[in-house]
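In our numbering, the protein residues as written are 3 to 244. Yeah, the Cβ is synthetic: ideal placement off N, Cα and C, and Gly gets one too. Remember, predicted model here, so these are calculated numbers, not experimental data.
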């Protein structure tokens, strides 16, 4: 009886290699899926128009949604001319009554906080009475609570920001006002940096009594001139709005 010939293995790719290839494909698909889900989680679910995109007013930090009131503020701040016309609305959105410190009510806030239109953008001006003790450059606890709302907005904007300190003209000399106004601006910057905001976007100025908002002839005017301004430079690329 003839011995059966052993059936020869067909030439081609070994079966184990096909199985290994399938496994690699599945793993690759799995990692692509994970990467896609991670990217989606980090994408802000907000709408920005071409004007805002061009200015870099809204930036994508963190994950999740931009708080609705912050989104509304950013949309207004993107156009400083229109924002100035709606400055009371910006103030109400940025500092709603339920976030105010116990010792600051809406009336006190209205007297001591102003939204200013500047050639470079929009500024938030806080009087020293609102954020510092007399003669001091240390932020009060209430000041930090107010500034935390500004931080919440700055987290979602990439615009350069200048912090400037200002004084009235009642000191022995204006030369003495420069360092104090500069230290007060620095105190605000240090608070911002402590919250994780990036230092490269900030600049600090101390103007002493050189740039008053009101006449120094009245007590009200002097109180308004002793202030810190936070200028969000949203028009720096266009140079518009005087």
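Among the residues of its own chain, which have a CB less than 7 Å from the CB of residue 153, if the five just before and after it don't count?
-> Correct list, in chain order: 194, 197, 199.
To the nearest angstrom, report how far apart residue 215 and residue 138 are at their CA atoms.
-> Linking residue 215 to residue 138 through their CA atoms gives a straight-line distance of about 21 Å.
Assuming residue 211 and residue 164 form a contact by the criterion Cβ under 8 Å, report the distance between their Cβ atoms to the nearest whole angstrom.
-> About 18 Å; that fails the 8 Å criterion.
What are the residues that DSSP puts in a beta bridge with residue 123?
-> Per DSSP, 120.
Just the Cα atoms here: how many angstroms apart are residue 55 and residue 234?
-> Confidence is the limiting factor: at residue 55 the pLDDT is only 38, short of 50, which leaves the residue's position unreliable and the question unanswerable from this model.
Are the beta-carbon atoms of residue 155 and residue 72 separated by less than 9 Å?
-> Result yes, Cβ atoms of residue 155 and residue 72 sit closer than 9 Å.
Does DSSP put residue 166 in a helix, a strand or coil?
-> In the three-state reduction of the DSSP assignment, residue 166 falls in the strand class.
Are three or more beta carbon pairs between the stretch 135–151 and the stretch 93–102 nearer than 8 Å?
-> Short answer: they touch.
CB-CB under 7 Å to residue 226, same chain, minus the five flanking residues each way: which ones, in chain order?
-> So the qualifying residues of the chain are 129, 215, 216.
Given residue 91 as reference, the closest of 74, 203, 81, 104 once Cα atoms are compared = Looking only at 74, 203, 81, 104, the smallest Cα-Cα distance to residue 91 is reached by 74.
Sequence-distant residues of the same chain with beta carbon closer than 7 Å to residue 116, five excluded per side = Contacts found: 127.
For residue 85, which residues of its own chain have a beta-carbon under 7 Å away from its beta-carbon, when the five flanking residues on both sides are left out?
-> Closer than 7 Å at Cβ, skipping near neighbours: 78, 79, 92, 124.
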